[in-house]
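Asks: Residue numbers (this note's numbering), protein chains in the order written: chain A, 12 to 175; chain B, 12 to 175.
Cβ atoms here follow ideal geometry from the backbone N, Cα and C, with glycine treated the same way.
All of these numbers come straight from a predicted model, not from anything done at the bench.
A single structure is presented below for examination.
Protein chains: 2
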Amino acid sequence: MELYLIRHGIAAVRGTYTNDDERPLVTKGISKTQEVARKLRSIGLEFDLILSSPLVRAFQTAEILLEADLSSNLEPFTSLKPGGKIQEWLHWLQERRNNNSLNNLALVGHQPDLGNWAEMLVWGSIRNQIIIKKAGIVGLRLPDSIEVLGNSDLFLLTSPKWFI
Amino acid sequence: MELYLIRHGIAAVRGTYTNDDERPLVTKGISKTQEVARKLRSIGLEFDLILSSPLVRAFQTAEILLEADLSSNLEPFTSLKPGGKIQEWLHWLQERRNNNSLNNLALVGHQPDLGNWAEMLVWGSIRNQIIIKKAGIVGLRLPDSIEVLGNSDLFLLTSPKWFI
């Protein structure tokens, strides 16, 4: 299956909201994310499901993907909050894969978690050397029958600059 | 400095030329590579230098980058031939960096070497888990003052499908 990790778009500056979880996307963040979403759709991409961090800047990003017809299923997922653990959503994913086929899944979240998760999936350890910009995307191919950690392939890493 | 690894475009089928080194790009390979080159230029990219495997399919790819004004310097480089060793061109690179500044370098070559080299630069070992399609690009940021193997950042991995 293919797993896409998508970082939220450009949001209000940290510190400008009492509750950091409520920082929304700024206008430029919305428009760039919309461009990214349209481009993904024009390539023919469709996600069986989008799971998103419940934080405002992430969930708004996920809603933009939904509005661009990249999926008809979007759910908030607590494990994708900043500092979330890969084991939490991997556990969910393995159960889901055992019960239903899942060809394309998108996770919308935050740095450095997304980069760390990509590194764990591909190389099995975190090195902080995968750079994901805002509204940037990572594409991974997860193996079907062996452990996904350390055995997934990396086929895409791009930021809006290189994409739209 | 930024290092771009670029795989040659779609070439004539293996076995159709007595000497495999002479397989040229096919028409589709030329046009897709031209589109990739134009997009790279439109983003504002410029290479101080392009080094290319001397094999026809690679050198043609490099010439397309040159024609798109991505650089004014192109040289064949034997170490970029299939099976070439990273230490050979890294040695050249370190000497060059000691003598002159080099901000942007593009290497045009072959798989699986390019993917292996990217993995060695980022993680210090080869896992065959970075997928580079024909006319695909890898973007790496090499550190200035420490060993580049195992310490470089990965900021771009894309194929024409996701790029043009």
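Return the CA-CA distance between residue 18(A) and residue 72(A), expressed in angstroms with no decimal places.
Replies: Position 7 of the first sequence holds residue 18(A). Position 61 of the first sequence holds residue 72(A). For residue 18(A) and residue 72(A), the distance between alpha carbons rounds to 8 Å.
Asks: Closest to residue 148(A) by CA distance: which of 155(A), 166(A), 135(A) and 140(A) is it?
Replies: Here the question's residue 148(A) lines up with position 137 in the first sequence. Ranking the options by Cα distance to residue 148(A), first place goes to 166(A).
Asks: Along chain A, in chain order, which residues have C-beta atoms closer than 9 Å to that of residue 39(B)?
Replies: As a working note, residue 39(B) is residue 28 in the second sequence. Going along chain A, no residue has its Cβ under 9 Å from residue 39(B), so there is no contact; the nearest lies around 18 Å.
Asks: In whole angstroms, give me the CA-to-CA distance for residue 129(B) and residue 172(A).
Replies: Sequence index remark: in the second sequence, residue 129(B) carries index 118 (1-based). Sequence index remark: in the first sequence, residue 172(A) carries index 161 (1-based). Each residue's Cα considered, the two are about 21 Å apart.
Asks: Can a CB atom of chain A be found closer than 8 Å to the CB of residue 133(B)?
Replies: Stepping through the second sequence from its first residue, residue 133(B) is reached at position 122. Answer yes: the Cβ-Cβ gap between residue 133(B) and chain A drops below 8 Å somewhere.
Asks: Within a Cβ cutoff of 7 Å, which residues of the same chain sit near residue 56(A), ignoring the five residues on either side of it in sequence?
Replies: Residue numbering aside, residue 56(A) sits at position 45 when the first sequence is read from its first letter. If we look at residue 56(A) and ignore the five residues flanking it on each side, its Cβ neighbours are 81.
Asks: Taking 7 Å as the cut-off, is the CB of residue 128(B) close to at least one heavy atom of the ligand ADP?
Replies: Of ligands this structure carries none, so the ligand ADP is not represented either.
Asks: CA-CA distance, residue 83(B) and residue 15(B)?
Replies: Here residue 83(B) is taken as the residue at index 72 of the second sequence, counted from 1. Here residue 15(B) is taken as the residue at index 4 of the second sequence, counted from 1. For residue 83(B) and residue 15(B), the distance between alpha carbons rounds to 16 Å.
Asks: Does the CB of residue 173(A) have a neighbour CB from chain B at under 8 Å?
Replies: Stepping through the first sequence from its first residue, residue 173(A) is reached at position 162. Residue 173(A) counts as touching chain B.
Asks: If you reduce the DSSP assignment to three classes, tell me which class residue 166(A) lands in.
Replies: Locating residue 166(A) in the first sequence gives position 155, counting from the first residue. Strand.
Asks: Quick check on residue 82(B) - is its C-beta less than 8 Å from some C-beta in chain A?
Replies: Indexing the second sequence from 1 puts residue 82(B) at position 71. Output row for residue 82(B): interface = no.
Asks: Compare the C-beta of residue 156(B) with all C-beta atoms of chain A and state if any pair is closer than 8 Å.
Replies: As a position in the second sequence, residue 156(B) is number 145, starting the count at 1. Taking Cβ atoms only, chain A never reaches closer than 8 Å to residue 156(B), which makes this a no.
Asks: Specify whether the stretch 31-44 of chain A and the stretch 64-78 of chain A touch according to this definition: at least 3 beta carbon pairs, one from each stretch, less than 8 Å apart.
Replies: Because the criterion of three Cβ pairs below 8 Å is met, the stretch 31-44 of chain A and the stretch 64-78 of chain A touch.
Asks: Provide the residue span of the beta strand (DSSP E) that contains residue 148(A), from first to last.
Replies: Along the first sequence, one-based indexing puts residue 148(A) at 137. Taken as a continuous stretch (DSSP letters only), the beta strand (DSSP E) holding residue 148(A) covers 148-152.
Asks: Which two residues bound the contiguous alpha helix (DSSP H) that contains residue 117(B)?
Replies: Locating residue 117(B) in the second sequence gives position 106, counting from the first residue. Premise fails: residue 117(B) lies in the beta strand (DSSP E), 115-120, not in any alpha helix (DSSP H).
Asks: List, in order along the chain, the chain E residues whose C-beta lies closer than 8 Å to that of residue 165(B)?
Replies: Although the question refers to chain E, the structure presented lacks it and instead comprises the protein chains A and B.
Asks: Quick check on the burial criterion: 16 or more other C-beta atoms within 10 angstroms. Buried or exposed for residue 159(A)?
Replies: For the purposes of this step, residue 159(A) is taken as residue 148 along the first sequence, with counting starting at 1. Buried, since its Cβ has 16 or more Cβ neighbours within 10 Å.
Asks: Hey, could you find the ends of the beta strand (DSSP E) residue 63(A) is sitting in?
Replies: Taking the first residue of the first sequence as 1, we reach residue 63(A) at position 52. Here the beta strand (DSSP E) through residue 63(A) covers 60-63.
Asks: Any C-beta of chain B sitting closer than 8 Å to the C-beta of residue 97(A)?
Replies: Counting from one through the first sequence, the residue named residue 97(A) turns up at place 86. Taking Cβ atoms only, chain B never reaches closer than 8 Å to residue 97(A), which makes this a no.
Asks: Closest to residue 47(B) by CA distance: which of 29(B), 20(B) and 25(B) is it?
Replies: Along the second sequence, one-based indexing puts residue 47(B) at 36. Residue 20(B) is the option with its Cα nearest to residue 47(B).
Asks: What residues from the stretch 53-74 of chain B come within 8 Å of chain A, judged by C-beta to C-beta, listed N to C?
Replies: Within the stretch 53-74 of chain B, the residues whose Cβ lies closer than 8 Å to some Cβ of chain A are 54, listed in chain order.
Asks: Between residue 125(A) and residue 151(A), how many whole angstroms is the CB-CB distance? I'm expecting something under 8 Å.
Replies: Taking the first residue of the first sequence as position 1, residue 125(A) is located at position 114. Taking the first residue of the first sequence as position 1, residue 151(A) is located at position 140. So it is not a contact: roughly 11 Å between Cβ atoms.
Asks: Can you tell me which of 135(B), 105(B), 139(B) and 86(B) puts its alpha carbon nearest to the alpha carbon of residue 117(B)?
Replies: Within the second sequence, numbered from 1, the residue matching residue 117(B) stands at position 106. Of 135(B), 105(B), 139(B) and 86(B), the residue nearest in Cα terms is 86(B).
Asks: Measure from the alpha carbon of residue 59(B) to the alpha carbon of each residue in 99(B), 139(B), 12(B) and 154(B), then state which is nearest.
Replies: On the second sequence, residue 59(B) is found 48 positions in, with the first residue counted as 1. Among 99(B), 139(B), 12(B) and 154(B), the Cα nearest to that of residue 59(B) belongs to 12(B).
Asks: In whole angstroms, give me the CA-to-CA distance for residue 107(B) and residue 41(A).
Replies: As a position in the second sequence, residue 107(B) is number 96, starting the count at 1. As a position in the first sequence, residue 41(A) is number 30, starting the count at 1. Each residue's Cα considered, the two are about 43 Å apart.
Asks: Under the three-state reduction of DSSP, which class applies to residue 48(B): helix, strand or coil?
Replies: By one-based count along the second sequence, residue 48(B) stands at place 37. Residue state, collapsed to three classes: helix.
Asks: The beta strand (DSSP E) with residue 16(A) in it runs from where to where?
Replies: Numbered from 1 along the first sequence, position 5 holds the residue referred to as residue 16(A). 13-18 is the span of the beta strand (DSSP E), which, as asked, contains residue 16(A).
Asks: How far does the beta strand (DSSP E) with residue 171(A) in it extend, from its first residue to its last?
Replies: For this step, residue 171(A) is matched to residue 160 along the first sequence. Taken as a continuous stretch (DSSP letters only), residue 171(A) belongs to no beta strand (DSSP E), being part of the alpha helix (DSSP H) at 171-174.
Asks: Would you list the one or two residues that DSSP bridges to residue 86(B)?
Replies: Taking the second sequence and counting its residues from 1, one reaches residue 86(B) at position 75. Its beta-bridge partners are 62(B).
Asks: Following the continuous alpha helix (DSSP H) through residue 97(B), name the residue where it begins and the one where it ends.
Replies: One-based indexing of the second sequence puts residue 97(B) at position 86. Per DSSP, residue 97(B) belongs to the alpha helix (DSSP H) from 97-110.
Asks: Inspect the beta-carbon positions of residue 154(A) and residue 121(A) and report whether they are closer than 8 Å.
Replies: Sequence index remark: in the first sequence, residue 154(A) carries index 143 (1-based). Sequence index remark: in the first sequence, residue 121(A) carries index 110 (1-based). No, the Cβ-Cβ distance between residue 154(A) and residue 121(A) is not below 8 Å.
Asks: For residue 70(B), which residues from the same chain have a beta carbon less than 8 Å from its beta carbon, with the 5 sequence-adjacent residues on both sides left out?
Replies: Within the second sequence, residue 70(B) is the residue found at index 59, counting from 1. So the qualifying residues of the chain are 63, 64, 87 and 119.
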